[in-house]
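The sequence shown lines up with residues -35 to -1, 1 to 580 when you count with mature numbering (1 follows the signal peptide of the UniProt record, and there is no 0). Built from N, CA and C at the ideal position, the CB exists for glycine as well. Report on one structure; see the data block that follows.
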Amino acid sequence: MTDKHSNHIMKNPSKASAKMCLLLFYSSLLLIVAAVFSTADDATSTFQSIRDGETVVSTGGTFELGFYEYPDASNRRYVAIWYKQISVTTIVWIANRDKPLADLSGVLKVTNPGILVLNHNMSTVWSSNTSRTAQNPVARLLDSGNLVVIDRSDDDSENFLWQSFDYPGDTFLPGMEIGRNKVTGFNCHLRSWKSPQDPSQGNYTYQLGPKGYQEIFVSGGSVIKFRTGPWNGVRFSGTPHLNPNPIYTYGLVSEPDKMYYSYKLRNSSVFSRVVLTSDGLVQRYTWIDRTKGWVLYLTAQIDNCDNYAFCGVYGACNIEKSPVCSCLKGFTPKFPKEWDLVDWSDGCVRKTSLNCTGDVFQKYSGLKLPSTEQSWFNRSMNLKECQMVCMKNCSCTAYTNLDIRDGGTGCLLWYDDLIDIRYYSENGQDIYIRMAAAELDHEDDAKINAKYSESNAKKMKIIISTTVLSTGLLLLGLALLFFVWKKQHQKVGKLGRNQKEDLELPLFDLMTIVSATGNFSIENKLGEGGFGSVFKGTMEDGQEIAVKRLSKSSRQGLHEFKNEVTHIAKLQHRNLVKLLGCCIQEDEMILIYEFMPNKSLDFFIFGLTTQKPCI
């Protein structure tokens, strides 16, 4: 039992060993195949020499290196790199841009120290450089379009002896680093072509500034054509159109030994490049496969305000106004006559000189920050500390945050006249500019006075409008009242005029009668009938009267009343009560008689009709 068990145990390791050997065999085979394919890829992108007519393709097949003849029958041949996968031949780098070959005898090879050399008829036309030697140097074209020289004996494949990305032409490719080495001072920059048909070095460069806080300058020789403005953590302050997008990412990188600007494509299948044109424009192109062509994505310089120092020192450009140039608040044109003739190049000067200790800072918003060639920066300060540092230094002319993210951090100071400023409708920045306190007070007073005057003008308009409206309404109301009154008194006025003409009978005022009768009181009532009521009254001179007040319910109209008055006025009898006058006013028709306490002839003729004496 024990032997069988032992034999069984000994057989299992044999099977396990066989399986293990088989696994190792297949694994080794896979490694060999992978190495073969890797070697094949390296073989297509790596070389030690190529002749005219031969090419090298990058590992992913994006770029190709070879000899290129410019298609203008000039027999100019260049060692160049171009896009492999697109139909339009687009050159991104040229080795011998200033020394084209005239025939097919050129050879590009890697020498033992690790230097690329372009030979033509046994003479050197162009060569690279290196700071160290290599045991087994080779050249390789990467899928980024970067031509590099490496040492195959070096395990670090990124330890380049030399790379074309350090010496670009007019094209800024993804992954390229435009900037400066802080230790060696090496400057990686673009250089334009002389013309669209001539790739030799042109007049314009695209590079980070040599001093002050970093921004990119486009210069033609010693003359600055355009600058991007300083980096603010999101974009360059002079490129408000530079925003996060689906095509590429971008940023300014600051490391202990170098500072550079770079961008990367979000999708490797997208082709995009930046070109410094022969006339100094910075343009980004994107390949559209559907249309089989390059499309202009954006241009850094968008209008005249992007021309460097267009409005001179302390002048600000606003493309939305006319004229586009104006002096900052507290400044005036240096040469007013030239300024009026649209020559703004000499800029502006202060209205009031600075006195250092009593100066203040005026805030401006929505600006492209001034040139930073004479500037100082600190990444850890806040804005208040930044202001204090600037205030203590009489040479400091302005300050702002270095980074606009998270509410603003860092400090950026200017120590010279401020130049190349412009306004933006969006994505502009704040800056605090030093000026004399008296000038700031004057400007504030003017602003306050302007606001006060404007407020007073508004109040005056309101007062005038209200007065006119009220007066109009009052006049309208009076007119309506007069119309109603006139209409109500037309009949009275007409009868009064007729009475004067026909009766020559005195007319009594209603208020006089009301006063004489105690407002027609019951105590003064003598009697009443179908015609109305009779009241006793006493005039102001003591004369007693009898007042016959026509009832409003009586059917006697104005015409009948007139006839009655006319007839009674003509009657003369010693036994008849004398008619003294009448009153026709408002709705009242009243006869005024002499008062007869001993009755009259009608009492004896008609008898008693009331309990009280009557007329």
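Check, Outcome
"Within 7 angstroms, strictly: CB atoms of residue 505 and residue 560", "no"
"Local conformation of residue 210 per DSSP, three classes", "coil"
"Backbone secondary structure at residue 276 - three-state DSSP", "coil"
"Cβ neighbours of residue 200 in the same chain (closer than 6 angstroms, five flanking residues each side left out)", "207"
"Touching by the beta-carbon criterion (3+ pairs, under 8 angstroms), the stretch 159 to 168 and the stretch 231 to 246", "yes"
"For residue 100, the residue or residues it bridges with in DSSP", "According to DSSP, residue 100 bridges with nothing at all."
"Those runs of the beta strand (DSSP E) which lie wholly inside the stretch 128 to 212 and span at least 3 residues", "143 to 146, 155 to 160, 163 to 173, 181 to 185 and 188 to 192"
"Three-state secondary structure assigned by DSSP to residue 479", "helix"
"Beta-carbon proximity list for residue 298, same chain, < 7 angstroms, skipping 5 on both sides", "292, 304 and 313"
"Option in 477, 386 and 114 with minimal Cα separation from residue 281", "386"
"Helix, strand or coil at residue 298 according to DSSP, with G and I counted as helix", "strand"
"Residue 72 versus residue 348: straight-line alpha-carbon distance, rounded", "59 angstroms"
"Proximal residues to residue 258 (C-beta, below 8 angstroms), its chain only, five neighbours per side dropped", "53 and 252"
"Rounded separation between residue 353 and residue 378 - CA only", "11 angstroms"
"Beta carbon of residue 10 nearer than 7 angstroms to that of residue 106", "yes"
"The stretch 117 to 137 contacting the stretch 150 to 164, beta-carbon criterion three pairs below 8 angstroms", "yes"
"Separation of residue 13 from residue 114, as counted between CA atoms", "10 angstroms"
"Same chain, Cβ closer than 6 angstroms to residue 158, five either side skipped, listed in chain order", "135, 164, 167 and 243"
"Helix, strand or coil at residue 508 [DSSP, three-state]", "coil"
"Three-state secondary structure (DSSP) of residue 59", "strand"
"Counterpart residues of residue 341 in DSSP-defined beta bridges", "378"
"Own chain residues within Cβ distance below 6 angstroms of residue 459, not counting five before or after", "Residue placement at residue 459 is flagged as unreliable, the pLDDT there being 49, under the threshold of 50; a coordinate-derived value is accordingly withheld."
"Whether residue 332 touches residue 295 by CB criterion (7 angstroms)", "no"
"Cβ shell of residue 56 (< 6 angstroms), same chain only, five flanking positions each side left out", "45 and 47"
"Beta-carbon contacts of residue 31 that lie in its chain and below 6 angstroms, excluding the five residues immediately before and after", "20"
"Nearest-angstrom Cα separation, counted from residue 342 out to residue 311", "28 angstroms"
"In DSSP terms, what residue 86 is bridged to", "Paired residues: none, contrary to the question."
"According to DSSP, residues forming a beta bridge with residue 252", "259"
"Closest residue to residue 171 among 160, 183 and 178 (Cα-Cα distance)", "183"
"Spatial neighbours of residue 284 in its chain, beta-carbon cut-off 6 angstroms, leaving aside the 5 residues before and after", "268 and 270"
"Through-space distance from residue 309 to residue 300, alpha-carbon basis", "9 angstroms"
"Extent of the continuous alpha helix (DSSP H) run through residue 349", "348 to 357"
"Residue 370 in three-state terms, based on DSSP", "helix"
"Residues of its chain near residue 499, where Cβ-Cβ distance is below 8 angstroms and the 5 sequence neighbours each way are ignored", "490, 491, 492, 493, 511, 512, 513, 514, 579 and 580"
"Span separating the alpha-carbon of residue 562 from that of residue 488", "16 angstroms"
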